[in-house]
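Peer 1: Could you have a look at this structure, given as structure tokens, before my questions?
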Amino acid sequence: MARGNREVLAKLEQIVGPDYVSNEEAVLLPYSWDLTWADPRLPDYVVMPKTVTEIQRVLRLANHMRIPVIPYVNATNIGGLCVPEEGGIVMDLKRMDKIIKIDPETCYAIIEPGVSHAQLSAALKATNPQWEGYEFSKGFEFGWGVHPASASVLAMAINHGIGHLNGRLGINSQLISSMEVVLPTAEVVKLGSCAFSDSWHSFLPLPRMDGLFLGWMGTTGIVTKLGIWIFPIRPYKDVLTIAAETAYDMTRYMVHWRHYSLCDEVTAVSWWLAQIPIPYPYQEKPKDTPEWFSYTVISGWSEEELEYKRKMWKKVVAEEKARGTKLIDFEYPPEAKRGRTELPSRIIGSTKNYSKSCGGGLAWPGTFAPCKSWPILYEKWKEIYIRHNLSPAVRFTDFQGAHYGMLRLMTPFDKRNPESVKAARDAMVECIRAGIPLGMLPYKPPVEYMNELNAAADAGYVYLMTKIKDMLDPNNIMNPGKLGIR
Amino acid sequence: MALVLKNTDLKELAQLYDRISMCTQCGNCKYGYEYGSTENFAAMICPQGDKYQFEAYRGSKGKAALAKGLLSGMIQWSEKTTHVIYTCIGCGACVEMCETDIKDYLLRIFEALKGEAWKFNMGIPEGVKKWSSTIGVNKNPYMEKHEDRLNWLPASVRDSLPKKAEYIYFAGCTASYRQKNIALATFKLLQKLKIDFTVTPDEWCCASPLLRTGQYNIAKEFIEHNRELPEKYGASGFITTCAGCYRTLSIDYVKDPPEGYADKFGKMEGVKVIHTIQLVEDMINKGEIEFEGTFNNIVTYHDPCHLGRHAEVYESPRNVLKAIPGLKLVEMYRNRKFSFCCGAGGGVRGGFPDYSVETSMKRVKEAETTGASIITCVCPFCWRNLNDAIDALKSKMQMLDIVEILEPIVKRK
Ligand SMILES: Cc1cc2nc3c(=O)[nH]c(=O)nc-3n(C[C@H](O)[C@H](O)[C@H](O)COP(=O)(O)OP(=O)(O)OC[C@H]3O[C@@H](n4cnc5c(N)ncnc54)[C@H](O)[C@@H]3O)c2cc1C
Ligand code: SF4
Ligand code: SF4
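One line per chain: the protein sequences are D and C, in this order.
Under our numbering, the residue at position 355 of the first sequence is numbered 1030, and the numbers go up by one with no gaps.
Under our numbering, the residue at position 155 of the second sequence is numbered 169, and the numbers go up by one with no gaps.
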């Protein structure tokens, strides 16, 4: 069965070639939903451009005909962000999958949207940090998340993605160095050093216009090339683990440990998130088991450096125990340790840890929150989740210093059952509502969260956001409906 | 959004609804990836996605989505639905990447989808329809006469085949009617190795093409017929050089779901199924084989999907190759569980010949990068498709089955 109309189809065919456009339902169907509760909505067309010029031409057509355009790579964002709220053209960018450059001296790479984590990690591992041909060490890395390895590095980074170096370096949108964007009105712009030369190493000291495209979920333009900083792989690594009775105790330990800025990552997970897969529906935690488990990854250039970090970590643990923080010694099984150092990973990657057997649904209140709010919100969220018969599978992760971190509740649910879907969505929206007054902000927010955010936002914030959106996208064609403002 | 089962008319598929529902649409299956301490493996492993690009065609995600869409009534069957389903080669590469509870059922789901397509009779490739309409009479999908099945053997040999033997050499349709070189090489090899075997004019298609395209009703008769053969010939098992026959005889005839079809057709019991390469490996290990010559060539091995991913036989062919004096084995980047399909299976060679050979051309180009002069495999169907690609590319590479390499230079100790 075909959708849309023949005229638009013919024009799209002219632009990208008939093999890379479809308006057939059987082809459109996988673009109509994602892992989350978002109601499926079929697009009218899908196009797969190969070049920037093709993207420009599609956008001109879309403006002319007032057709929505939804940038898409793999739709693993866990926010329904690629579900076409108002139909239109899904622009699947997977054919643009070139790693344009890896500069092993200035330590950046330039990638297209379709470059997957799998592809980039393999290419970076094969490139050695060097200067004038003299190699210092083996391989580069970027901030790898725990998503399917097929997911786009670019789509992750521009939407404030979180990788394994976040404790040391911050989140991935802080590691972007330049970009090329096709504006909704089809002009191509370059931002950062690449606007002045062919060096893609830095945004600074220029005005930060890149912010117009970071965290906007494809509503302000299509990023066609991205410069990212890459980092030498440190050859020595260890994973240190400790458990705690309560979220308060766990937060105390994490805040103390990250004070020294010695780790690549420090993360804690509640008992429910430590189960593989997460229990669905809710299951009570055994009484004799701690509620929180944490790991921290340390890395270095020598065993001595690692040993120093271990010593400091032991000191923190000992001091915390001495002042009454209830920490419990525990060791990760070797497989779990490997999962934390072998990234991107198939041990913790994909959905097997989260939604292996429960009916296909997966969503989260995924948020950034000040560490002070973590334990308070955990108790609130736990109450909400247990009331909805869901496991409070919560994660805390520190992002580079004292300022903020990730507070996230990974939630499997059963898509076979409308009641299960509703319970999951209601619980998650309630969690967001409870969190916003405590400084919590959802990332890659589904429409429902965006509405909560807008309701609580300062009027000037929504005003400026609307103004920027209108200025960049006067016909509101880019992923409409996602910002909750137009 | 819930995906409630509404369309129970799709019986084969509806039975698998609970498994289908376990797919999260995570898309892990769209790209091959493995962490390695020094380098990570990363490559496109789905030939269907590589060709047709859209999500529906990439890995199992697209097909699982279609199954959900059809069962929940979100979409109706169309010619395009059939196209998406029938251009999947069933190679199983995507299965290697999936990690939810749909994983083990994926191939069964693909085949059930192909099966449902027959009810609608929309868009089933003419090439498949053609052989489907004659296989009942001919007992092979090549539209050749059944009486000609043993024509690969010289008439004198044909007439004096033993009526009883320890093994039946099950040549399969491709080796019997097309790649006779492989059937003959196997026959001579088994003779040189002094195996007590026979070949039977009663052999029918193993039913692989029928099962792989969801034609269960026709497959039944074939399975019931073939599994009686060992008793009739006093044999304890089958030997085959065909990866497709091996998968079908050793898994589909024998195992319960999700791997096999014992639920539909009952179990073949007490019959050994051996791939020729396993037999040779075993004899080498026992010191029963002697090499009379060398094979001084660089060779790369193509894992047939039905032997590799489907039956997890990866090392036997390699062990045999490594034992051959003079032979240097080099690997393609995509090998073993991440091998790239030759493009022939799942009804694709008959249904979409151009796409099929385009896929095997990709494989031959990959083989060329290894520096090998010979591509080897242990499947007449792969042999045929890869050889067609060699011709189409005017490649300098040569196609040889491992039995063809072995036969001239081995003898039983
Ligand atoms: C099991 C699981 C675990 C996950 N773990 C992590 C994690 O550890 N860290 C993390 O950061 N994320 C995680 N995610 C979320 C997600 O995988 C990543 O953010 C991912 O990289 C998104 O890539 P994608 O190809 O799926 O992008 P998509 O979902 O296709 O796109 C994401 C958004 O970006 C927009 N977009 C895409 N391309 C462009 C472009 N070129 N220009 C402008 N806008 C564009 C889209 O419209 C959409 O709004 C996880 C997801 C899953 C399923
Ligand atoms: S079975 Fe092979 S062709 Fe079919 S989707 Fe999986 S990887 Fe692709
Ligand atoms: S088939 Fe498996 S790997 Fe593919 S999308 Fe579904 S759950 Fe993910």
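Ideal Cβ positions, reconstructed from N, Cα and C, are used throughout, including at glycine.
If you drop the 5 nearest sequence neighbours on each side, which residues of the same chain put their C-beta closer than 8 Å to that of D:Phe811?
Peer 2: Same-chain partners within the cutoff: Asn803, Pro804, Gln805, Pro907.
Peer 1: Give, in chain order, every residue of the segment 908-942 of chain D whose Cβ lies closer than 9 Å to some Cβ of chain C.
Peer 2: Going along the segment 908-942 of chain D in chain order, one finds no residue with a Cβ nearer than 9 Å to chain C.
Peer 1: Taking Cβ-Cβ distances below 7 Å as the criterion, which residues of the segment 77-92 of chain C are in contact with chain D?
Peer 2: Per Cβ criterion, the list reads Ala79, Leu80, Gly83, Met88, Ile89, Gln90, Ser92.
Peer 1: Can you name the start and end residues of the beta strand (DSSP E) that C:Val424 belongs to?
Peer 2: Residues 424-426.
Peer 1: Is C:Ser374 near ligand 2 - that is, is its Cβ less than 7 Å away from at least one heavy atom of it?
Peer 2: Checking the Cβ of C:Ser374 against ligand 2 gives no.
Peer 1: Which value, in whole angstroms, describes the spacing of the CA atoms of D:Glu995 and D:Leu1002?
Peer 2: Looking at the two C-alpha atoms, the distance is approximately 8 Å.
Peer 1: Would you please state the rounded distance, in angstroms, between the beta carbons of C:Met282 and C:Arg332? I believe it to be under 8 Å.
Peer 2: Rounded, the Cβ-Cβ distance is 28 Å, inconsistent with contact.
Peer 1: Are at least three pairs of beta-carbons, each pair with one atom in the segment 909-928 of chain D and one in the segment 963-970 of chain D, less than 8 Å apart?
Peer 2: Short answer: they touch.
Peer 1: Which residues in chain C have a C-beta closer than 8 Å to the C-beta of D:Thr1026? List them in chain order.
Peer 2: Under the 8 Å cutoff, chain C gives Thr38, Cys40, Asn42, Glu113, Thr114.
Peer 1: Give the residues of chain C in contact with D:Asp709, contact being defined as C-beta atoms less than 8 Å apart.
Peer 2: Chain C residues near D:Asp709: Gln39.
Peer 1: Pull up the CB-CB distance for D:Ala713 and D:Val758, whole angstroms please, since I reckon it's below 8 Å.
Peer 2: D:Ala713 to D:Val758, Cβ: 5 Å. Contact.
Peer 1: Any beta carbon from chain C within less than 8 Å of D:Val828's own beta carbon?
Peer 2: Taking Cβ atoms only, chain C never reaches closer than 8 Å to D:Val828, which makes this a no.
Peer 1: For C:Val268, which of C:Cys256, C:Val287, C:Thr254, C:Val424 has the nearest alpha-carbon?
Peer 2: The option with the nearest alpha carbon to C:Val268 is C:Val287.
Peer 1: Mind checking if C:Ala249 is an interface residue toward chain D, Cβ cutoff 8 Å exclusive?
Peer 2: Taking Cβ atoms only, chain D never reaches closer than 8 Å to C:Ala249, which makes this a no.
Peer 1: What's the C-alpha gap between D:Lys1144 and C:Val18?
Peer 2: If you take the alpha carbons of D:Lys1144 and C:Val18, they lie about 38 Å apart.
Peer 1: Helix, strand or coil for C:Thr373? Go by DSSP, reduced to three states.
Peer 2: Helix, per DSSP.
Peer 1: Closest to C:Phe124 by C-alpha separation, out of C:Cys355, C:Tyr369, C:Arg226, would be which residue?
Peer 2: The candidate whose alpha carbon is nearest that of C:Phe124 is C:Arg226.
Peer 1: Since I believe D:Ala793 is in contact with C:Ala56 (beta carbons under 8 Å), could you give me their beta-carbon distance rounded to a whole number of angstroms?
Peer 2: The pair is a contact, with the Cβ atoms about 4 Å apart (cut-off 8 Å).
Peer 1: Could you have a look at C:Ser264 and say whether DSSP puts it in helix, strand or coil?
Peer 2: C:Ser264 falls in the helix class under three-state DSSP.
Peer 1: Less than 8 Å separating the beta-carbons of C:Phe68 and D:Val702?
Peer 2: Contact flag set, yes.
Peer 1: State the start and end residues of the unbroken beta strand (DSSP E) segment that holds D:Met1125.
Peer 2: Taken as a continuous stretch (DSSP letters only), D:Met1125 belongs to no beta strand (DSSP E), being part of the alpha helix (DSSP H) at 1122-1131.
Peer 1: So with CB distances below 9 Å, who are the chain C contacts of D:Arg1091?
Peer 2: Neighbours of D:Arg1091 on chain C, chain order: Ala16, Leu17, Val18, Leu19, Tyr31, Asp32, Ser35.
Peer 1: Using only the alpha-carbon positions, how far apart do D:Phe1005 and D:Gly1110 sit?
Peer 2: Going by the C-alpha atoms only, they are around 31 Å apart.
Peer 1: Taking 8 Å as the cut-off, does the segment 111-125 of chain C touch the segment 27-39 of chain C (at least 3 CB pairs, one atom from each stretch)?
Peer 2: Judged by Cβ distances under 8 Å, the segment 27-39 of chain C makes contact with the segment 111-125 of chain C, as three or more pairs qualify.
Peer 1: Going by the C-beta, is D:Cys1046 closer than 7 Å to any heavy atom of ligand 3?
Peer 2: Flag unset: Cβ of D:Cys1046 not near ligand 3.
Peer 1: With a threshold of 8 Å between beta carbons, is C:Asn349 in contact with chain D?
Peer 2: It does not; no Cβ of chain D falls within 8 Å.
Peer 1: Please determine whether the Cβ atom of C:Cys40 lies at a distance below 7 Å from any heavy atom of ligand 1.
Peer 2: Checking every heavy atom of ligand 1 against the Cβ of C:Cys40, one is found closer than 7 Å.
Peer 1: Sort out for me which residues DSSP pairs C:Gln412 with in a bridge.
Peer 2: C:Ile388, per the DSSP bridge assignment.
Peer 1: Have a look at C:Glu306 and C:Glu421 and give me their C-alpha separation to the nearest angstrom.
Peer 2: Cα to Cα, C:Glu306 sits roughly 10 Å from C:Glu421.
Peer 1: For the alpha helix (DSSP H) that D:Arg1070 lies in, which residues bound it at each end?
Peer 2: Premise fails: D:Arg1070 lies in the beta strand (DSSP E), 1069-1074, not in any alpha helix (DSSP H).
Peer 1: Output yes if chain C places a C-beta closer than 8 Å to the C-beta of D:Glu700; else output no.
Peer 2: Output row for D:Glu700: interface = yes.
Peer 1: Would you mind giving the Cβ-Cβ distance between D:Phe1071 and D:Trp1049, rounded to the nearest angstrom? I have them listed as a contact below 8 Å.
Peer 2: Contact holds; Cβ gap of about 5 Å.
Peer 1: Go to D:Lys776, then tell me how far its beta strand (DSSP E) extends in each direction, as first and last residue.
Peer 2: Element bounds for D:Lys776: 774-778.
Peer 1: Please tell me whether, using a cut-off of 7 Å, the distance from the CB of D:Cys757 to the nearest non-hydrogen atom of ligand 1 is below it.
Peer 2: Answer for D:Cys757: yes, Cβ within range of ligand 1.
Peer 1: Does the segment 815-830 of chain D come within contact of the segment 775-793 of chain D, defined as at least 3 CB pairs closer than 8 Å?
Peer 2: Yes, the segment 815-830 of chain D is in contact with the segment 775-793 of chain D.
Peer 1: Rounded to the nearest angstrom, how far is the Cβ of D:Cys1033 from that of D:Phe1088, given a contact under 8 Å?
Peer 2: Yes, D:Cys1033 and D:Phe1088 are in contact; Cβ-Cβ is about 7 Å, under 8 Å.
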